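Using the numbering used here, the letters of the sequence shown map in sequence onto residues 1 to 87. Backbone N, C-alpha and C fix where the C-beta goes; we use that ideal spot for every residue, glycine too. Note that the structure is a prediction, hence the values are computed from the model and not measured. First up is the structure itself, then whatever we jot down about it.
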Amino acid sequence: VQNVKDIFERGTKLYEKINGFLEEFVKIGEKISGAHESYKNAHNKLSEGRGSMVRQAEMLKNLGLKTTKSIPSEFKKVLEDPSSEKL
Numbered sequence: 001v002q003n004v005k006d007i008f009e010r011g012t013k014l015y016e017k018i019n020g021f022l023e024e025f026v027k028i029g030e031k032i033s034g035a036h037e038s039y040k041n042a043h044n045k046l047s048e049g050r051g052s053m054v055r056q057a058e059m060l061k062n063l064g065l066k067t068t069k070s071i072p073s074e075f076k077k078v079l080e081d082p083s084s085e086k087l
């Protein structure tokens, strides 16, 4: 009889621990999704469209800025896109 009580008590504690973990797991997923959305927004501002910062920086370099650095290859797509020629 004592074993049955112990099993139920342990089962209740385990269930509550699992429930607490799952609640935190959901929160982590929401935070990751939010961080990913912020990353995508920042990436778009940096490298997408005609007025992107990457495109403008490269245009300034083409106008004569003296630098030994080049835009990383991950961002070359915006530089090769003919629709992004104008600011």
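Counted as a single uninterrupted DSSP element, the alpha helix (DSSP H) harbouring Glu-58 occupies residues 53-62.
For Gly-20, the enclosing alpha helix (DSSP H) has its first and last residue at 2-47. Leu-60 and Ile-32 have their C-alpha atoms spaced approximately 35 Å apart. Take the alpha-carbon of Lys-69 and the one of Ala-42: they are about 22 Å apart.
Contact check for Glu-58 and Ile-71: beta-carbon distance about 6 Å, within the 8 Å limit, so the pair qualifies.
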